[in-house]
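One structure is given here, and the rest of the page talks about it.
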Amino acid sequence: MSYLILKWAHIVAVILFCSGMLVTPWLVNALCTGPRTESQQDFLESVRGYHRMVTSPALLFLWGLGLAMAQSAQWWSHPWFRAKLVVALLLSAQHGAVSGRLRHLCHEPQRVYPPLRFPWFALGLSIVAGLVVVKPGL
Ligand code: HEM
C-alpha cells in the first residue's frame, strides 16, 4: 500500500482518537464526583459506547498504520520518531485510564472519582504533532 495512503488513514484515525480523548474526560468529569441518577448512568453508558466503538478502535488503527509507515520508511532510528513513540505511549496510557474509569463508573453508580486532568492530553498531542511535522534532529 502506498505510503501516502497509509498516512492519510493514520491522520483520519488520529483525528477520531484525539477528538474522543479530548471530549470524553470532559463529559466524565461532569458526572464522576458524586453518586449518579439512572438517567446520568444511561448517559455515561452512551459515552462509553462511543469510546468503545470509535475512540478505542481508532487508537488501534493509528498504531497499526503508524508502525506500517515506520517500517516502510525505516524511521526507527530517527530521534523525532523515538520521541514521538514515547509521547504516543503516554497518550495511549491516558486512553487506558479513561477506559478503566468509564468501566468502573458504568458498573457502579455510587463510585466517585476526582476529575481527570485532560489538559495533559492536549499538551501531549501538540508535542506529537510538532515532532512529526518539524522532525527535530531528523
Ligand atoms: C496520538 C498519537 C499520534 C498522533 C497525534 C499522531 C499524529 C500524526 C500526524 C498529524 C501525522 C502527519 C504529519 C505530516 O503532516 O506528515 C503523523 C504521521 C506519522 N505518524 Fe503519527 N501520530 C500518533 C501516533 C503514532 C504512532 C503510535 C506511530 C508509530 C507507531 C506513528 C507514526 C507516524 C509516522 C511514521 C508518520 C509519517 C511521518 C512522515 O512521513 O513524515 N504515529 N502522525
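Counting in this note's numbering, the sequence shown runs without a single skipped number right up to 196 at its last residue.
Glycine is no exception: its CB is placed at the ideal position from the N, C-alpha and C atoms.
Cβ shell of residue 180 (< 7 Å), same chain only, five flanking positions each side left out: 80
Expected contact under 8 Å - CB spacing of residue 149 and residue 68 to nearest Å: Actually they are not in contact, since the Cβ atoms of residue 149 and residue 68 sit about 14 Å apart, beyond 8 Å.
Inter-residue spacing [alpha-carbon to alpha-carbon] between residue 164 and residue 188: 36 Å
Verify the contact flag: residue 186, CB atom, against every heavy atom of ligand 1, threshold strictly below 7 Å. yes
What would DSSP say about residue 144, mapped onto helix, strand or coil? helix
Between residue 69 and ligand 1, is there a pair consisting of the residue's CB and a ligand heavy atom that are separated by less than 7 Å? yes
Look at residue 86 and residue 174 and say whether their C-beta atoms are less than 8 Å apart. yes
Please report the straight-line C-alpha distance between residue 88 and residue 154, rounded to a whole angstrom. 19 Å
Got a sec: does ligand 1 put a non-hydrogen atom nearer than 7 Å to the Cβ of residue 111? no
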